[in-house]
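Everything below concerns the one structure shown next.
2 protein chains.
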Amino acid sequence: MLRVILVEPEGEYNVGFIARLCKNFCVDELYIVNPKCDLKESLKFSAKGYDILNNAIIVNNFDDAIKGLSIKIATSSIADYEGDILRKSIKSWEINDIISKADKVGLIFGRESVGLTREEISKCDFLLHIPANPEYPVLNLSHAVGIVLYEIWKTKGKIRKKYVSY
Amino acid sequence: MLRVILVEPEGEYNVGFIARLCKNFCVDELYIVNPKCDLKESLKFSAKGYDILNNAIIVNNFDDAIKGLSIKIATSSIADYEGDILRKSIKSWEINDIISKADKVGLIFGRESVGLTREEISKCDFLLHIPANPEYPVLNLSHAVGIVLYEIWKTKGKIRKKYVSY
Ligand SMILES: Nc1ncnc2c1ncn2[C@@H]1O[C@H](CSCC[C@H](N)C(=O)O)[C@@H](O)[C@H]1O
Ligand SMILES: Nc1ncnc2c1ncn2[C@@H]1O[C@H](CSCC[C@H](N)C(=O)O)[C@@H](O)[C@H]1O
Ligand SMILES: Nc1ncnc2c1ncn2[C@@H]1O[C@H](CSCC[C@H](N)C(=O)O)[C@@H](O)[C@H]1O
Chain A
1 MLRVILVEPE GEYNVGFIAR LCKNFCVDEL YIVNPKCDLK ESLKFSAKGY
51 DILNNAIIVN NFDDAIKGLS IKIATSSIAD YEGDILRKSI KSWEINDIIS
101 KADKVGLIFG RESVGLTREE ISKCDFLLHI PANPEYPVLN LSHAVGIVLY
151 EIWKTKGKIR KKYVSY
Chain B
1 MLRVILVEPE GEYNVGFIAR LCKNFCVDEL YIVNPKCDLK ESLKFSAKGY
51 DILNNAIIVN NFDDAIKGLS IKIATSSIAD YEGDILRKSI KSWEINDIIS
101 KADKVGLIFG RESVGLTREE ISKCDFLLHI PANPEYPVLN LSHAVGIVLY
151 EIWKTKGKIR KKYVSY
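Taken in order, these protein sequences are the chains called A and B.
Just so we're aligned: 142 in the UniProt record's numbering is position 142 of the first sequence, and the numbers increase by one with no gaps anywhere.
Just so we're aligned: 35 in the UniProt record's numbering is position 35 of the second sequence, and the numbers increase by one with no gaps anywhere.
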């Protein structure tokens with residue numbers, strides 16, 4: 001089971017695009033903590049992810065969103081500063097090794113403006129970082145979501161090969 | 001040298017996000033064929049890709065955009081229909097094998113509404129497909145761009161690892 005959690009997202013296009021990505025890559029659940037944008041507007045960007053957004057679970061706080069997960073993976077564009085243990089990260093392509101045996105996986109994405117708080121990160125099991133231009137590794141929120149879901153799908157697709165026809 | 005080519009893009013947010021992605025993943029050139037949206041609006045979504053968009057090369061037709069490339073890779077959400085030779089595709093994760101020895105690589109992305117025409121695809125050397133949900137493999141334009149650039153960066157980044165620190 002794969003759950004995507006957005007913490008206080010601010011851009012309606014991002015939330016819509018992420019719902020679409022959840023459909024593209026067969027995510028099971030979308031949780032949104034305390035949305036800071038108009039989700040009705042987001043629907044315009046969701047294409048065939050419309051139902052996923054309509055059925056998204058809106059919660060008031062972070063703890064409610066991570067409840068019941070067997071593995072919690074925070075994400076950040078900032079990682080691996082020396083001497084900061086909280087920022088020790090895994091690379092995006094290492095995720096499949098980590099989730100392969102977990103049954104309830106949560107991927108947690110932060111605010112466009114300020115990312116996740118240190119407190120939120122400290123409640124997670126791993127911090128995932130997508131390597132990019134060292135001078136500007138900060139991806140737009142929905143593009144970060146797309147890349148992580150794609151990495152998971154690559155492996156899942158191989159496993160599922162026997163069952164689906166594509 | 002890596003060139004991203006957008007053919008008649010329609011959504012200003014997509015063009016802006018793609019300029020940002022070009023900065024995130026160190027793309028050398030952005031070409032836009034006959035844009036169908038307001039590029040001034042796009043700048044709002046480009047973040048630190050602002051200069052890349054400001055310096056994008058706008059051309060009137062497809063042939064001008066692919067001039068001088070040693071390898072031309074079209075992209076499509078539709079691939080591998082039986083009996084359609086034009087749609088025989090490479091998978092996104094195979095791209096690095098194909099471009100490793102080319103010196104001028106072009107990645108070509110189609111219109112949000114109708115993708116690339118068959119004529120455009122026929123002028124390219126490869127058709128790249130990002131596998132996704134077989135029931136809905138159609139990604140939003142800028143998210144498709146992000147995933148392809150990320151795949152290339154993964155390899156390029158590993159090669160460059162000795163020089164940059166991330
Ligand atoms: N390179 C990268 N690796 C992993 N996640 C990333 C990323 N770039 C952006 N994200 C995701 O996109 C969200 C919004 S970007 C947040 C940027 C903010 N200035 C900050 O200080 O963190 C992040 O919280 C993270 O979930
Ligand atoms: N989402 C995915 N992730 C990882 N590998 C995938 C994948 N989808 C397909 N593959 C790999 O790509 C191979 C070919 S894909 C399946 C056939 C395709 N429709 C065609 O006509 O060519 C599969 O055997 C599998 O190993
Ligand atoms: N799964 C996928 N693989 C590769 N490229 C994709 C993709 N999904 C979207 N794209 C890119 O995003 C562009 C816009 S999507 C175009 C969809 C259109 N309905 C069509 O019939 O093609 C495509 O032209 C392609 O460049």
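For glycine and all other residues, C-beta sits at the position ideal for the given N, C-alpha and C.
Contact between A/Val-33 and A/Asn-54 is ruled out by a C-beta separation of about 18 Å, above the 8 Å threshold. B/Ile-66: member of the alpha helix (DSSP H) spanning 62 to 66, first to last residue. In this chain, the beta strand (DSSP E) harbouring B/Lys-72 covers 71 to 75.
Around B/Ala-65, the same chain offers Ile-5, Tyr-31, Val-33 and Val-59 as residues with beta carbons nearer than 6 Å, after the five sequence neighbours per side are excluded. Secondary structure note for A/Ile-58: its beta strand (DSSP E) is the uninterrupted segment 57 to 59. Interface residue (Cβ-Cβ distance to chain B less than 9 Å): A/Val-4 is not classified as such.
Distance from the C-beta of B/Glu-112 to the nearest heavy atom of ligand 3 is below 8 Å. Relative to the non-hydrogen atoms of ligand 1, the Cβ of A/His-129 comes within a distance shorter than 8 Å of at least one. Under the Cβ distance rule, A/Arg-111 does not count among the residues neighbouring chain B, no pair being separated by less than 9 Å. Per the coordinates, the alpha-carbon of B/Val-105 lies some 24 Å from the alpha-carbon of B/Val-138. With contacts defined as CB atoms closer than 9 Å, A/Ile-130 and A/Ile-73 fail to qualify as a contacting pair. B/Phe-45 sits in a helix when the DSSP states are folded into three classes. Taking 8 Å as the cut-off, the C-beta of A/Pro-137 counts as close to a heavy atom of ligand 1.
Listed along chain B are Trp-93 and Pro-131, each with a C-beta nearer than 8 Å to that of A/Lys-154. By the Cβ neighbour-count rule, B/Ile-57 is exposed, with fewer than 16 other Cβ atoms within 10 Å of its own. Scanning its chain for C-beta atoms nearer than 8 Å, with the 5 sequence neighbours on each side dropped, one finds around A/Leu-21 the residues Val-27, Gly-49, Ser-142, Val-145, Gly-146 and Leu-149, in chain order. For A/Glu-12, the enclosing alpha helix (DSSP H) starts and ends at 12 to 24. With a cutoff of 9 Å on beta-carbon distance, A/Asn-14 and B/Lys-23 are scored as not near each other. For B/Glu-29, the enclosing beta strand (DSSP E) covers residues 29 to 33.
Ranked by how close their Cα comes to the Cα of A/Ser-100, the residues A/Trp-153, A/Ser-76, A/Glu-29 and A/Ser-77 have A/Trp-153 in first place.
When only Cα atoms are considered, B/Phe-17 and B/Pro-35 end up about 15 Å apart.
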